[in-house]
Structure formats: C-alpha cells, structure tokens
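Engineer: Questions regarding the structure given below will be posed in turn.
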Amino acid sequence: AQAGPLPEPGLTWYGIRSLLDRRSALYFKASKLPELTPWLLRFWSYCNQRDHEHGVRSLAALGRDVFDLVDEMRDGGVEFELHRQGMLVAARDPATARKELEKLQPMRAFGYDIPQDIVVDDALHAAEPALSDEVRGGFEVREHWHVRPDSFTAGLAAALRRMGVNLVEDSAVTGFETHNGSVAAVRTTTGPMSADAFMLAAGAWSTPLARMVGVRLRVQAGKGY
1128 AQAGPLPEPG LTWYGIRSLL DRRSALYFKA SKLPELTPWL LRFWSYCNQR
1178 DHEHGVRSLA ALGRDVFDLV DEMRDGGVEF ELHRQGMLVA ARDPATARKE
1228 LEKLQPMRAF GYDIPQDIVV DDALHAAEPA LSDEVRGGFE VREHWHVRPD
1278 SFTAGLAAAL RRMGVNLVED SAVTGFETHN GSVAAVRTTT GPMSADAFML
1328 AAGAWSTPLA RMVGVRLRVQ AGKGY
C-alpha cells in the first residue's frame, strides 16, 4: 500500500551529509563513483515536490489492485503467510509525523484510506502501548498488508508446479541466442532453453542481463531496495 518514491525534496543535502558521516547507512564504493555519477545526477534532479507527488500518485495507481490480486491468489490456492495488520508511522516530534502523512495525501485520490491528521501523546500510546514516551505523534495506514517473502515465493512455486509449469532452479543465465532481432533462446549453466517469449525480471541484476542483448536499463542497485 505505502511505497513512497525514494527521491524526495531535501534528500540531496541529506544525502551529502550522510556521505560525510561514517556512522550513516549511506555508502558508495569510491571505485563505482564514475559509473554512478550520471545516475546520481539524474536521481537528484527528481528530488523536488512536483516529481515526488507524481511518484506517489504513480505508485498508488500501481498498488491499488494488489489487494484484490493477493485475495485472488489466496482463493486460487496459493498458500503464504499474510498479515493484514496495517502500519503505524510514529515519530518523536508530531511535526515530523504530520510531514510524513502529508506525503501520502495524493493516495486518497486512488481510494486509499489515509487519515486526515495525526494522533498525539495519550491517544497514540493507547493505540500502541509499546511506544516510548518520547514518541509523541503518529498515524495508522490501515490498508497496509505484510507477507513473509519466503513463504510467498514458495507458495507461488508450488501453485505453478500444480499447473504444470517447469521451474528450473540454481541455473545461472550466461547469455542469449538471437534470431532476426528476437531472442530465440537463453543460455544457462544447465544448457540452452528456447521459447516463444522471455520475461526479464531479475531486479538489480536485470541491467547486466539486458546488456547482453543490447538493451540499456537505468536500474541501479541500492541496499534495502
């Protein structure tokens, strides 16, 4: 439900300060900076209010159907661990919590149940008694589900096998065979595989794989993403 775009206003200076702080989680390997610099410059160009709101709307539209799709998979026999607990966003300073809530307001246009305002102090601690007394503001996003990732992928694999799909595991892609401008087969460590169509869905590894067939993807790996 709530997956905000990474570029946001103010992130540029925050990122520079974090790079200079040895204790921060942000780190770039120096040898990768020449390769990363064009991507970083493009990334920072989107750290503004207009593009951030556009990103929120785009992700909200993309994620709106996920609830129904998850229910359809469960009804169709895909077994995985699912929790419909919602998400509590909390902060020491109520102003910080209110700022986070403001970022989510564009999601309301897509039917999401986003609170109008935050709750503070006693009302917040009544909702979640485990919070420290120093935490003074927050809000709940009720339409936020969690799945256990390994149970999800295992459940999908089991369902696909029941449908007769052949899953090949522990087989690395080493290249592609093309014919008349189209991919005819994929070369792997367990032998070539031909098909009418191929879907590349390798996350951060999609970039080097796509490069094998002359396709340039602007995907950059990031810790936690």
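Everything in the sequence shown is counted per my numbering, starting at 1128 for the first residue and increasing by one. Note that the Cβ used here is the ideal one computed from N, Cα and C, for glycine as well.
1) Quick one: give me the first and last residue of the beta strand (DSSP E) that residue 1215 is part of.
2) Out of 1202, 1195, 1316, state which residue places its alpha-carbon closest to the alpha-carbon of residue 1272.
3) Determine whether the beta carbon atoms of residue 1315 and residue 1328 lie at a separation below 8 Å.
4) Does DSSP classify residue 1197 as helix, strand or coil?
5) With the cut-off set at 8 Å, would you say residue 1208 and residue 1262 are in Cβ contact?
6) What did DSSP end up calling residue 1329 once you bin it into helix, strand or coil?
7) Span of the beta strand (DSSP E) holding residue 1314?
8) Which first and last residues belong to the beta strand (DSSP E) in which residue 1306 is found?
9) Check for me: the alpha helix (DSSP H) holding residue 1265 runs from which residue to which?
10) Just how far apart, CA to CA, sit residue 1150 and residue 1220?
11) Leaving out the 5 sequence neighbours to the left and right, which residues in its chain are closer than 7 Å to residue 1344 when beta-carbon positions are compared?
12) Rounded C-beta distance between residue 1264 and residue 1218? I'm assuming under 8 Å.
13) From which residue to which residue does the alpha helix (DSSP H) around residue 1183 run?
14) Taking residue 1230 as part of the alpha helix (DSSP H), name the residues at either end of that continuous run.
15) Scan the stretch 1140 to 1181 and note each continuous alpha helix (DSSP H) run of 4 residues or more that stays entirely inside, going in chain order.
16) Would you mind sorting residue 1239 into buried or exposed? The rule is 16 or more other CB atoms within 10 Å of its CB.
17) Measure the C-alpha to C-alpha separation of residue 1159 and residue 1331 and round it to an integer number of angstroms.
18) How close, in whole Å, do the beta carbons of residue 1325 and residue 1342 come, if the pair is a contact with beta carbons under 8 Å?
19) Going by C-alpha to C-alpha distance, which of 1235, 1295, 1204, 1157 sits closest to residue 1190?
20) Hey, residue 1174 and residue 1135 are a contact pair by Cβ (cut 8 Å); roughly how many whole angstroms apart?
Structural biologist: Quick answer:
1) On the sequence shown, residue 1215 is found 88 positions in, with the first residue counted as 1. Start and end: 1214 to 1218.
2) By one-based count along the sequence shown, residue 1272 stands at place 145. That would be 1195, whose Cα lies nearest to the Cα of residue 1272.
3) Against the sequence shown, residue 1315 aligns to sequence position 188. Against the sequence shown, residue 1328 aligns to sequence position 201. No, they are not a contact pair.
4) One-based indexing of the sequence shown puts residue 1197 at position 70. Residue 1197: helix per DSSP, three-state reduction.
5) Indexing the sequence shown from 1 puts residue 1208 at position 81. Indexing the sequence shown from 1 puts residue 1262 at position 135. No, these two residues do not count as a Cβ contact at 8 Å.
6) As a position in the sequence shown, residue 1329 is number 202, starting the count at 1. It is coil, neither helix nor strand.
7) On the sequence shown, position 187 is the one that residue 1314 refers to. That run of the beta strand (DSSP E) goes 1309 to 1315.
8) To locate residue 1306, count along the sequence shown from 1; it is residue 179. Here the beta strand (DSSP E) through residue 1306 covers 1300 to 1306.
9) The residue labelled residue 1265 in the question sits at position 138 within the sequence shown. Here residue 1265 belongs to no alpha helix (DSSP H); instead the beta strand (DSSP E) covers 1264 to 1268.
10) The residue labelled residue 1150 in the question sits at position 23 within the sequence shown. The residue labelled residue 1220 in the question sits at position 93 within the sequence shown. Near 23 Å, if we compare the C-alpha coordinates of residue 1220 and residue 1150.
11) Within the sequence shown, the letter at position 217 stands for residue 1344. These residues qualify, in order along the chain: 1333, 1334, 1337.
12) Position 137 of the sequence shown, counting from 1, holds the residue named residue 1264. Position 91 of the sequence shown, counting from 1, holds the residue named residue 1218. About 5 Å separates the two Cβ atoms, so the contact holds.
13) For the purposes of this step, residue 1183 is taken as residue 56 along the sequence shown, with counting starting at 1. That run of the alpha helix (DSSP H) goes 1176 to 1190.
14) Counting from one through the sequence shown, the residue named residue 1230 turns up at place 103. Run containing residue 1230: 1221 to 1231, per the alpha helix (DSSP H) assignment.
15) 1160 to 1171
16) To locate residue 1239, count along the sequence shown from 1; it is residue 112. The residue is buried, with at least 16 neighbouring Cβ atoms inside 10 Å.
17) Against the sequence shown, residue 1159 aligns to sequence position 32. Against the sequence shown, residue 1331 aligns to sequence position 204. Cα-Cα distance, rounded: 15 Å.
18) Your numbering for residue 1325 matches position 198 in the sequence shown. Your numbering for residue 1342 matches position 215 in the sequence shown. About 12 Å; that fails the 8 Å criterion.
19) In the sequence shown, counting from the first residue as 1, residue 1190 sits at position 63. The shortest C-alpha separation from residue 1190 is found at 1235.
20) Taking the first residue of the sequence shown as 1, we reach residue 1174 at position 47. Taking the first residue of the sequence shown as 1, we reach residue 1135 at position 8. Correct: roughly 6 Å between the Cβ atoms.
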